[in-house]
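Numbering (the numbering used here), first residue to last: 171 to 404. Input: a single structure, listed below in structure tokens.
Put into structure tokens, the structure is as follows:
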């Protein structure tokens with residue numbers, strides 16, 4: 171209570187605004203488009219007042235309550251948006267929120283949003299030079315892509331988005347090809363045979379998709395590694 175007494179008028183205003191927003195989220199008539207727009211506006215307000223920590227805490231609580239009250243779709247929306255916001259802000263808890271979003275999307279069997287958050291996590295690890303984290307997330311990304319491709323219609327049914335259409339199956343295959351190549355590049359020196367195998371998988375996807383430039387590049391990459399490997403065994 172002492173803390174509340176020290177809050178300024180603007181801080182009280184945004185706290186009340188979030189409380190009103192939370193109540194509306196439980197209304198049967200609350201639609202995703204309006205909720206997402208209001209959520210972003212609230213995030214901007216809290217950010218201007220340097221109250222991002224409180225915004226994160228309130229959002230985590232709200233998402234949990236929504237899940238408990240059968241509104242998991244809206245709860246997942248807010249966790250996804252929060253994780254994206256924290257990545258953009260380079261918030262110290264960005265990784266934690268991304269992992270929470272991943273868990274939420276996996277429970278909903280929403281592979282498209284899972285893949286998006288894995289890509290965010292990949293971006294985070296690349297920027298912080300976390301090679302171990304990057305390698306692990308690329309392996310997760312590979313599994314996610316393969317799962318979406320194998321069960322595309324199921325993931326399509328579980329996909330909930332306001333503005334963006336789901337990634338096409340060929341688009342997911344392209345991401346899988348990228349991921350195979352990225353993993354291969356990370357292990358090329360210590361495990362050239364395994365790298366060749368991954369490059370082959372990537373190349374075969376590009377052949378299937380009719381992408382000749384990428385196919386030719388990987389053929390040359392495989393040729394060079396094979397030549398280097400043969401030379402070392404002479």
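Note that the Cβ used here is the ideal one computed from N, Cα and C, for glycine as well. Here the structure is a predicted model, which is why all the values come from computation and not from measurement.
Give the list of continuous alpha helix (DSSP H) stretches no shorter than 4 residues that lie fully inside the stretch 273-328.
Within the stretch 273-328, the complete alpha helix (DSSP H) runs of at least 4 residues are 281-297, 301-320, 322-328.
Please tell me whether residue 275 and residue 284 are closer than 8 Å, where the distance is taken between their beta carbons.
Closer than 8 Å, so yes.
Starting from the Cα of residue 254, find the closest Cα among 244, 201, 210, 335 and give me that residue.
When only C-alpha atoms are compared, the closest one is 210.
Among residues of its own chain, excluding the 5 on either side of residue 345, which ones have a beta-carbon nearer than 6 Å to its beta-carbon?
These residues qualify, in order along the chain: 315.
Using a Cβ distance threshold of 8 Å, determine whether the stretch 305-319 contacts the stretch 278-292, with at least three qualifying pairs required.
Taking 8 Å as the limit for Cβ pairs, the verdict is that the stretch 278-292 does touch the stretch 305-319.
Looking only at C-alpha atoms, which of 225, 381, 195 sits nearest to residue 182?
Closest option to residue 182, Cα to Cα, is 225.
So for residue 263, helix, strand or coil by DSSP?
Coil.
Below 7 Å CB to CB, which residues in the same chain sit around residue 371 once its five sequence neighbours on both sides are set aside?
Excluding sequence neighbours, residue 371 sits near 350.
Check this for me: beta carbons of residue 189 and residue 244, under 8 Å apart or not?
No, the Cβ-Cβ distance between residue 189 and residue 244 is not below 8 Å.
Check residue 189 in the structure and name its three-state DSSP category.
In the structure shown, residue 189 sits in a helix (DSSP, three-state: H, G or I).
How many angstroms separate the CA atom of residue 367 from the CA atom of residue 221?
Residue 367 and residue 221: Cα-Cα distance of roughly 49 Å.
If distances are taken between C-alpha atoms only, which option among 382, 294, 236 comes closest to residue 197?
Looking at the Cα atoms, 236 is the closest of the given residues.
If we ignore side chains and look at the alpha-carbon of each, how far apart do residue 387 and residue 376 end up?
Straight-line Cα distance between these residues: approximately 10 Å.
Can you find the residues in the same chain that come closer than 8 Å, C-beta to C-beta, to residue 394, ignoring five residues on each side of it along the sequence?
For residue 394, where only same-chain residues beyond five positions count, there are no Cβ hits under 8 Å.
Let's test the definition: count the other Cβ atoms within 10 Å of the Cβ of residue 175 and tell me whether it reaches 16, buried, or not, exposed.
Note that residue 175 has pLDDT 41, beneath the 50 cutoff, so the model's placement of it is unreliable and the number below is only indicative. Classification of residue 175: exposed, given that the 10 Å Cβ count is below 16.
Skipping 5 residues on each side, what residues in its chain have a beta carbon closer than 8 Å to that of residue 307?
Within the same chain, residue 307 has close Cβ partners 288, 291, 292, 295.
In whole angstroms, what separates the C-alpha of residue 238 from that of residue 261?
One C-alpha to the other measures close to 27 Å.
Measure the Cβ-Cβ separation of residue 399 and residue 362 and say whether it is below 8 Å.
Yes. Within cutoff.
Give every residue of the same chain whose Cβ lies closer than 7 Å to the Cβ of residue 339, excluding the five residues on either side of it in the sequence, and list them in chain order.
Cβ within range, chain order: 319, 322.
Just to confirm, is the Cβ distance from residue 264 to residue 250 under 8 Å?
Taking 8 Å as the Cβ cut-off, residue 264 and residue 250 do not qualify as a contacting pair.
First and last residue of the alpha helix (DSSP H) that includes residue 200?
No alpha helix (DSSP H) holds residue 200; DSSP gives it neither H nor E.
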